[in-house]
Amino acid sequence: MFIEVCKSKIHKVRVTEANLQYVGSITIDEDLMDAANLIENEKVQVVNINNGERLETYVIKGERGSGIICLNGPAARKVAVNDIVIIISYASMDFEEAKSFKPSIIFPDVKTNSIV
């Protein structure tokens with residue numbers, strides 16, 4: 683049996699941009715991606731703490747060290763700049779493997795979106 687478990691989580695980052703005219707996705711600082719074990723084009727769930735919105739999209743690599751968290755395309759309507767979001771990815775794995783799996787969870791500085 684396979685189940686879905688939390689693979690990666692960026693807990694509480696600040697939205698720095700919302701670009702309605704872009705094709706779609708979420709742009710994430712590459713430092714945050716590395717720390718959370720996320721890769722470009724990976725599917726993620728974005729949970730907005732400010733308004734309760736939840737959405738699924740995919741990751742685009744942002745400039746390393748920039749602190750960028752930008753919701754693009756239609757997802758830009760679900761956030762406002764300075765909203766606080768949680769970004770989560772999931773993995774499907776065997777039930778027994780999932781029992782011992784440890785997700786990559788990071789807690790960046792919410793003011794700068796940098797790794798503390």
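If you use our numbering, the sequence shown corresponds to residues 683 to 798, in order.
The beta carbon of each residue, even a glycine, is placed where N, CA and C say it ideally should be.
Which residues DSSP lists as bridging residue i, in chain order
{"i": "Q727", "result": "E738, I770"}
{"i": "V687", "result": "A773"}
{"i": "V695", "result": "V767"}
Straight-line gap, residue i to residue j (C-alpha atoms, nearest Å)
{"i": "Y704", "j": "G755", "result": "5 Å"}
{"i": "S786", "j": "I721", "result": "13 Å"}
{"i": "Y740", "j": "V726", "result": "6 Å"}
{"i": "G706", "j": "M683", "result": "33 Å"}
{"i": "N730", "j": "I770", "result": "11 Å"}
{"i": "E724", "j": "F777", "result": "22 Å"}
Whole-angstrom C-beta distance between residue j and residue i, which should lie under 8 Å
{"i": "V763", "j": "T698", "result": "7 Å"}
{"i": "K689", "j": "A773", "result": "4 Å"}
{"i": "D716", "j": "N795", "result": "At roughly 14 Å, the Cβ-Cβ gap does not stay under 8 Å, so D716 and N795 are not in contact."}
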